[in-house]
Amino acid sequence: MKRLILAAACALALAACSNPEEERKAQEAATAAAKAQQEEKAEGVAKQYDMAVAGQDWERARIHGGSLLDQYKDTDVAARIEPGYAEVKAKAETARELRRMQGLWQYNQVPVGSKGNQVSASIYSKERVDVDGSGPTTVQLIFRDHPEWKRHAYLVLQAGDFRCPQCTVKVTVDDGKPISMAAWRPKTDEAIAMFITDQKALWKLARKARSITIEFPVKAGGTRTAVFETGGVDASRMPNWWN
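The numbers in our numbering rise by one with no breaks, and the one at position 85 of the sequence shown is 206.
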């Protein structure tokens, strides 16, 4: 292709010494050769783009599509992919956000003697919460499956305490209406934990929602609110839960 452009340039130079018509033809030939080279390069990028789209690798498709429309915007290939590129970008953003939320979860599997394994899925609140006036700290939501104690869902504080020998928390899914759920605080000093009685319902809400908001009573007085971006949970990591 480079030889073709060089040949066209030489022809243009020679035509300048002859007549205008030959010069025009030489110029057209050089332009056509340059366009052909751009189209060829664009096709190479487009193949990568098409492969990414076919494999639903939207983030990779967004990169190749952006490169194509930026570097080869005047090519026929760019004109072909441009109408559908906005949708690809939207899907890429959705995929990126899902990957971010998936990374918020932690999964653990711990042997419990000869009885089996304790399996858990946990996530920290989106923002730290000041529970007792000592400053903002994390709130953790844990779903646990123990071979003896079975399935539980509970909140854990790093400071302060719950006001909940028996109480009610309010759970909101995304922008929906609050749902009241019974909860209780076990008599233990091992952890500052509060269990949600209907763990099955909470698990199902967490799986279906982008985020859930839990309002809970605290010993310092009043209530506090923690938001958990649960949309990236991998339910297959908790096989004995209600999936």
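Ideal Cβ placement from N, Cα and C applies to all residues, glycine included.
Applying the criterion that 16 or more other CB atoms from any shown protein chain within 10 Å of the CB defines a buried residue, is residue i buried or exposed?
i	result
TRP270	exposed
THR413	Coverage of the chain is limited to positions 122 through 364, which leaves residue 413 absent and any answer about it impossible.
LEU190	buried
ALA207	exposed
GLY176	exposed
ALA182	buried
VAL260	buried
TRP362	buried
SER357	exposed
MET172	exposed
ASP266	buried
VAL166	buried
PRO141	exposed
VAL231	exposed
In chain order, what residues of the same chain lie with their CB nearer than 7 Å to the CB of residue i, ignoring the 5 residues before and after it?
i	result
VAL354	TRP226, ALA242, ALA327, ARG328
ALA280	VAL252, ASP253, SER255, THR258
THR344	GLU336, PHE337, PRO338
THR351	ILE244, ALA327, ALA330, SER332, ILE333
ALA312	VAL277
Can you give me the Cβ contacts of residue i inside the same chain, cut-off strictly under 8 Å, excluding the 5 residues immediately before and after it?
i	result
PRO286	TRP305, ARG306
PRO268	VAL233, LYS236, GLY237, ASN238, GLN239
Would you call the CB atoms of residue i and residue j closer than 7 Å?
i	j	result
ALA347	VAL250	yes
ASP296	ALA330	no
LEU219	ILE244	no
ALA216	GLU180	yes
VAL277	ALA303	no
THR289	SER301	yes
THR163	TYR193	The amino acid occupying residue 163 in the given sequence is Ala; Thr does not appear at that position. Yes, the Cβ-Cβ distance between ALA163 and TYR193 is below 7 Å.
LYS325	ASP282	no
PRO299	LYS308	no
Pull the bridge partners of residue i from the DSSP assignment, please.
i	result
CYS288	ALA304
GLU336	LYS291, THR346
SER243	GLN227, ILE263
ARG272	ASP266
ASN238	PRO232
VAL252	Note: VAL252 sits in no beta bridge, so no partner.
ALA314	VAL277
THR309	BP columns for THR309 are empty, so no partner.
Ordered along the chain, which non-local residues of its own chain (more than five positions away) have a Cβ less than 6 Å from that of residue i?
i	result
LEU323	ALA274, ILE317
GLN223	GLY353
ARG284	PRO338, VAL339, LYS340
*Is the stretch 196-208 touching the stretch 223-232 in the sense that three or more CB pairs, one from each, lie closer than 8 Å?*
No, they do not touch.
*Count the CB pairs spanning the stretch 177-192 and the stretch 316-324 that are closer than 8 Å, and state whether there are at least three.*
Contact between the stretch 177-192 and the stretch 316-324 is absent, because fewer than three Cβ pairs lie under 8 Å.
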